[in-house]
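Count along the sequence shown starting at 1, add 5, and that's the number in our numbering.
Okay, so here's the structure we're looking at.
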Amino acid sequence: MIEVLRAGALTTVQDLGRPGWAHLGVPRSGALDPGALRLANRLVGNPESAAGLEITLTGCELRFRRAATVALTGADVAVRVGRRPGDTGRPLSVPAGAVLRVDAPRAGLRTWLAVGGGITVEPVLGSRATDTLSGLGPPPLRDGDRLPVGAPAGPPAPVDVTVAPPVPDELRLTVRLGPRDDWFTAAARDRLLRSAYAVSPLSNRVGARLTGAPLPRAVAGELPSEGIVLGAVQVPADGQPLVFLADHPTTGGYPVIGVVDDVTPLAQARPGTTVRFHGPQR
């Protein structure tokens, strides 16, 4: 068991999600940066699909009831095992009874923690991921929670350290226009690809809300609810774009002006981060 001493602002159990259920209204969910979680799992000897923790902004503190191997990836954070400082990007030994302290990131927003054996909460529809929109999976961690851990599947990886890419001050996201770009003026489509937007503090695992130049509509009518995919750039009535992330709904009634190819960079985008869109390279 792992005892949660301090859960932090938002710490959730995440694996690689539950794809294949969108026809029943269930989004994929899962880690916002699947590659970071895969790496953390490899470092502790887990299958890449094992469940770990996604820790947002303020860190957390965990007490381990038995000895374990852990690894942290993602944002650059200070880590302590008891009184001993640790490193991200490498396996760390945690003795039985020790407290693991994960601080707030120096840069970026989210850190992924893998534990040898994985977090073994009860799966729902084949996944242990917390879906903050639908409520499927375990709820976000609270102080005093206890998390079950499985038996180690293999030895830790024989590496000294892995280096995480730096978190840029500005993100450039590839967007493909459609399916409802014709609901917007030509000026709006041009503005989307030429303007700088900022990540709003109202962003979460459902979507990254952006603030900047509004995108005027060419069609003023109502749009019947239709399917939404990961990376869809929906434009509500205020004209400010919203990029849907892992816990996105499966249907929506506002027009989607485009779809972002890869939303992973938004996993580390703090409020105020600059976002620019560009079309696919030819």
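Ideal Cβ placement from N, Cα and C applies to all residues, glycine included.
Here the structure is a predicted model, which means the values were calculated and not measured.
Could you spell out where the beta strand (DSSP E) holding residue i opens and where it closes?
i: L42; result: Element bounds for L42: not the beta strand (DSSP E) but the alpha helix (DSSP H), P39 to V49.
i: L138; result: That residue, L138, is in no beta strand (DSSP E); it is neither H nor E in DSSP.
i: L220; result: No beta strand (DSSP E) holds L220; DSSP gives it neither H nor E.
i: L228; result: That residue, L228, is in no beta strand (DSSP E); it is neither H nor E in DSSP.
i: Q19; result: L15 to Q19
i: E175; result: E175 to L182
i: I262; result: V261 to V265
i: A119; result: A112 to V120
On the premise that residue j lies in contact with residue i, defined as a C-beta separation below 8 Å, what is that separation, rounded to the nearest angstrom?
i: Q245; j: Y259; result: In fact, because the Cβ distance is near 11 Å, the residues do not count as touching under 8 Å.
i: A213; j: A274; result: 6 Å
Go ahead and pull the three-state DSSP assignment for residue i.
i: T305; result: Residue numbering for the chain in the displayed model covers 6 to 287; residue 305 lies beyond these limits and cannot be assessed.
i: Q273; result: helix
i: A237; result: strand
i: A83; result: coil
i: W26; result: coil
What first and last residue would you give for the alpha helix (DSSP H) that runs through residue i?
i: L198; result: A191 to R199
Using only alpha-carbon positions, find the residue among the options that is nearest to residue i.
i: P100; options: G91, T74, T78 and R106; result: T74
i: V107; options: G113, S98 and L118; result: L118
i: L247; options: R151, P184, L10 and A203; result: A203
i: F69; options: P163, S98 and I60; result: S98
i: R147; options: L15, G284 and L250; result: L15
i: L235; options: T125, A12 and S34; result: S34
i: G277; options: P52, T167, E175 and V166; result: E175
i: V180; options: F282, R47, G13 and I124; result: F282
i: R85; options: G131, A103 and R11; result: A103
i: P206; options: V264, L114, L141 and V129; result: L114
i: G79; options: A55, E127, P160 and A41; result: A41
i: A218; options: A201, F249, V18 and R88; result: A201
i: E231; options: V172, Q19 and A27; result: A27
i: P252; options: L228, V211, D195 and D267; result: One detail in the question is off: residue 252 reads as Asp in this sequence, not Pro. It is V211.
What does DSSP give as the partner residues of residue i in its beta bridges?
i: L10; result: In DSSP, L10 forms no bridge with anything.
i: A109; result: A109 pairs with nothing; no bridge assigned.
i: T93; result: Paired residue(s): none; T93 is not in a bridge.
i: A203; result: T216 and T279
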